[in-house]
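Notes for the one structure printed next.
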Amino acid sequence: MPTVDDLVIATPGAARLTWSGGSGNPRIVSLYEQTKQLQWNASTDVDWSVPVEFGSALPEDSTFGLSAFRSSPLLSRGRAAWDAFRWEFHAWLASQFAHGEQGAVIASARLTEVLPDVDAKCFAAVQVADEARHVEAFSRYVRDKMPSTYPVAGPLASLLRDVFRDARWDITALGLHVILEGLAMAMLRMANHTFHDALIRDITRLAARDERRGAQGRRREAMRAGALRLRPQRTIPHPH
Ligand SMILES: [Fe+2]
Ligand SMILES: [Fe+2]
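Position in the sequence shown (from 1) plus 12 gives the number in our numbering.
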């Protein structure tokens with residue numbers, strides 16, 4: 013049963029079945045093959061017995077973070093306050109990964125409904141499985157290893173609303189492959205310097221490997237499709 017915290021968005025898309033076969037686009041067909049072969053299992057390929065000592069002292073491994081701390085009001089509270097803040101940020105970031113990945117599951121699933129050819133639908137369908145693993149791994153990490161889950165951040169919720177409210181598949185593709193996954197890749201790169209335990213580093217490494225697979229090509233296609241769609245709206249009418 014949904015709680016008040018669930019994000020419920022009415023989606024206007026139509027499900028499209030096509031009888032004209034695949035596009036034969038070799039890049040999409042090869043991405044589909046690769047994705048099938050490189051599936052991993054979040055239950056067994058991640059060592060969940062690795063302990064995470066929430067709140068323990070953290071190493072001084074970030075010059076940028078340390079200088080930010082030294083010029084912040086936290087300085088007067090001492091180093092322990094900085095570590096406490098970093099652990100909370102860690103829990104917040106891991107929670108946002110779990111929420112964002114759920115958005116990616118739904119966006120990929122919508123693409124299976126609306127994409128106009130079978131090859132692209134199949135590729136989107138295996139991507140649903142990729143994203144489901146990411147949801148599983150990040151959610152389990154937060155549930156089992158963090159004291160609590162942070163709710164979805166406002167800007168992420170707005171982005172998901174904007175992407176899912178639009179019926180056009182190229183806008184869904186643009187939202188998923190360019191914005192959501194572009195953001196995820198930037199955050200995964202940042203996570204390497206932000207997260208300090210071996211377990212979450214392993215999860216982010218596996219998720220980043222999936223995200224990198226064909227990411228450039230998918231983004232290029234999505235941008236091309238989205239740009240074609242958006243171009244007429246951006247055109248300023250000629251005065252007569
Ligand atoms: Fe993902
Ligand atoms: Fe993804």
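Cβ coordinates follow ideal geometry from the N, Cα and C atoms, glycine included.
In this text, all values refer to a predicted model and were calculated from it rather than measured experimentally.
Coil, strand or helix - His208 by DSSP: coil
Neighbourhood of Phe150 by C-beta, 7 Å cutoff - its chain only, sequence neighbours within 5 removed: Ala106, Phe109, Ala110, Glu113 and Ile215
Among Pro128, Gly77, Thr23 and Arg145, the one whose alpha carbon lies nearest that of Asp178: Thr23
Proximity test, Cβ basis, 8 Å: Val190 and chain C: Included in the structure is just one protein chain, with no chain C present.
Where Thr184 falls, given that 16 or more other Cβ within 10 Å makes a residue buried: buried
heavy atom of ligand 1 below 7 Å from Glu223 C-beta: yes
Buried/exposed call for Lys48, threshold 16 Cβ in 10 Å: exposed
Cβ contact (3+ pairs, closer than 8 Å) linking the region 49 to 56 and the region 133 to 148: yes
Chain-order list of residues whose beta-carbon lies under 6 Å from that of Lys157 (same chain, five-residue window excluded): Val64
Three CB pairs or more closer than 8 Å across the region 63 to 79 and the region 165 to 176: no
The region 120 to 132 in contact with the region 87 to 104 per 3-pair CB rule at 8 Å: no
Within 8 Å, strictly: CB atoms of Tyr162 and Trp104: yes
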